[in-house]
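Structure first, commentary second.
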């Protein structure tokens, strides 16, 4: 007769969890490799505009960021609700961009300096005045490669 | 004599790994940076007298964005959905019309002579223009350039621009330059 004895049918054998750490470690390594730490605390609220033609920035290490937007609520008492410029960790004015650009140039290697990209991350409701000021200042510092940060989203028009 | 070494209980490695995993999950920012890349014109020397580069009228396509985000392109008020087609028409000038940009024979390395359009798109805005509309307009103009490049690539290589090799892409870029000029602020003051 078949020997499928049903002894111990009451207690299910415990599933071996020995490989669980391996699985989790795999995931862990994936995240460790793909992670890039937030360098700065965001102090302004930014909702990037959408642009269908937005291209990916090839080398993140060449980018330095200028954030433009309204201060977050906890900072509004001090800085108001007007659009402000954030460089690194604090609110700055247009005049500070020169130092900021010089400082970020300093951290790059000699060869990479010409390739530096300044990424302007501005909220979609910001007026162009402040952006124009930033652009002018960047031209003065001859940081000519810029990028208008945008989300790669739906097309801007519904014509197609 | 040697006593058997008791096995270390490895049951908690999973927990430790989970903790680390959760830490990285929380701190990770996966969002790739994307945007529209531009090259600003260098600042003219202050001592140097600014000489206006005379560009023939037919070679410029002026796009103005007003205080209230209205768009004026080539002298007429348009909706943003029309902008791309107008820009494509301007850049490609398929019928060699008189009022659209002229072409100039240029030698492109690895391709030969090609009549490159001399058209320049001039983008002007006021201080009150919203960034959103400004970027949308930029986006449409980039889209127009990309479309003309795709067309050029299709004609000459039988493939879309994105599918070409790096060298062929360079040829396309040379043949269809992205001439979008962002106006000097003196033009935008009221």
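Chains as they are written, first to last, in our numbering: chain D, 839 to 998; chain W, 276 to 465. Here a beta-carbon is modelled for each residue, glycine too, at the ideal position from N, C-alpha and C. Every value quoted in this text rests on a predicted model; they were computed, and no experiment measured them.
Go through its chain and collect everything with a Cβ distance to residue 880 of chain D's Cβ below 8 angstroms, but skip five positions before and after it.
Answer for residue 880 of chain D: 905, 910, 924, listed in chain order.
Cβ shell of residue 378 of chain W (< 6 angstroms), same chain only, five flanking positions each side left out:
Once the five neighbours on either side are set aside, the close Cβ partners of residue 378 of chain W are 390, 392.
Of the listed residues D:861, D:907, D:871, D:858, nearest to residue 299 of chain W (C-alpha basis)
Nearest C-alpha to residue 299 of chain W: D:871.
Same chain, Cβ closer than 6 angstroms to residue 943 of chain D, five either side skipped, listed in chain order:
Shown here for residue 943 of chain D: same chain residues with a beta carbon closer than 6 angstroms to its own, the five before and five after excluded, namely 951 in chain order.
Run through chain B and tell me which residues come within less than 7 angstroms of residue 905 of chain D, C-beta to C-beta.
Looking for chain B here will not work: the only protein chains present are D and W.
For a contact meaning CB atoms closer than 8 angstroms, what does residue 900 of chain D contact in chain W?
Under the 8 angstroms cutoff, chain W gives no residues; its nearest Cβ is about 11 angstroms from residue 900 of chain D.
Please confirm whether residue 891 of chain D and residue 421 of chain W have their CB atoms less than 8 angstroms apart.
Yes; because the gap between Cβ atoms is below 8 angstroms, this pair is in contact.
Got a sec, what are the start and stop residues for the beta strand (DSSP E) residue 885 of chain D sits in?
For residue 885 of chain D, no beta strand (DSSP E) run applies, since DSSP gives it neither H nor E.
Do you know how far the Cα of residue 453 of chain W is from the Cα of residue 364 of chain W?
Residue 364 of chain W and residue 453 of chain W have their C-alpha atoms spaced approximately 14 angstroms apart.
Spatially closest choice to residue 873 of chain D from W:296, W:317, W:310, W:315, by CA coordinates:
Ranked by how close their Cα comes to the Cα of residue 873 of chain D, the residues W:296, W:317, W:310, W:315 have W:296 in first place.
At least 3 beta-carbon pairs within less than 8 angstroms: the region 955 to 965 of chain D vs the region 405 to 413 of chain W:
Output reads yes: the region 405 to 413 of chain W touches the region 955 to 965 of chain D.
Residues of the region 911 to 943 of chain D with a CB closer than 7 angstroms to any CB of chain W: list them in chain order, please.
Those would be none; no residue qualifies.
At which residue ranges does the region 876 to 951 of chain D contain complete alpha helix (DSSP H) runs of 4 or more residues, listed in the order of the chain?
Here the runs fully enclosed are 911 to 917, 935 to 944.
Based on Cα-Cα distance, which residue from D:908, D:946, D:849 lies nearest to residue 961 of chain D?
Taking only the C-alpha atoms, the option nearest residue 961 of chain D is D:908.
State the DSSP-derived secondary structure class of residue 402 of chain W, mapped to helix, strand or coil.
Of the three classes helix, strand and coil, the one that applies to residue 402 of chain W here is coil, per DSSP.
Is residue 388 of chain W close to chain D? Criterion is C-beta to C-beta, closer than 8 angstroms.
No, residue 388 of chain W lies away from the interface with chain D (no Cβ there is under 8 angstroms from its Cβ).
Proximity test, Cβ basis, 8 angstroms: residue 946 of chain D and chain W:
Not closer than 8 angstroms to any Cβ of chain W, the Cβ of residue 946 of chain D fails to qualify, so no.
Listed in chain order, which residues of the region 417 to 429 of chain W have Cβ atoms closer than 8 angstroms to some Cβ of chain D?
Result list: 417, 418, 421.
Helix, strand or coil for residue 462 of chain W? Go by DSSP, reduced to three states.
Confidence in residue 462 of chain W is poor, its pLDDT being 45 and thus under 50, which makes the residue's placement too unreliable to answer from.
Buried versus exposed, by CB contacts within 10 Å (16 or more), residue 859 of chain D
Residue 859 of chain D should be labelled buried.
When the distance is taken between beta carbons, is residue 946 of chain D closer than 8 angstroms to residue 983 of chain D?
Not a contact, by the Cβ cut-off of 8 angstroms.
Identity of the residues DSSP links to residue 966 of chain D by a beta bridge:
Residue 966 of chain D has no beta-bridge partner at all, per DSSP.
Classify residue 356 of chain W as helix, strand or coil using the three-state DSSP reduction.
In the structure shown, residue 356 of chain W falls within a helical segment according to DSSP collapsed to helix, strand and coil.
DSSP on residue 424 of chain W, reduced to helix/strand/coil?
Note: residue 424 of chain W maps to helix in three-state DSSP.
In whole angstroms, give me the CA-to-CA distance for residue 335 of chain W and residue 928 of chain D.
Answer to the nearest angstrom: the Cα atoms are 41 angstroms apart.
Relative to the C-alpha of residue 988 of chain D, which residue among W:448, W:438, W:303, W:312 is closest?
Of the residues W:448, W:438, W:303, W:312, the one whose Cα lies closest to the Cα of residue 988 of chain D is W:312.
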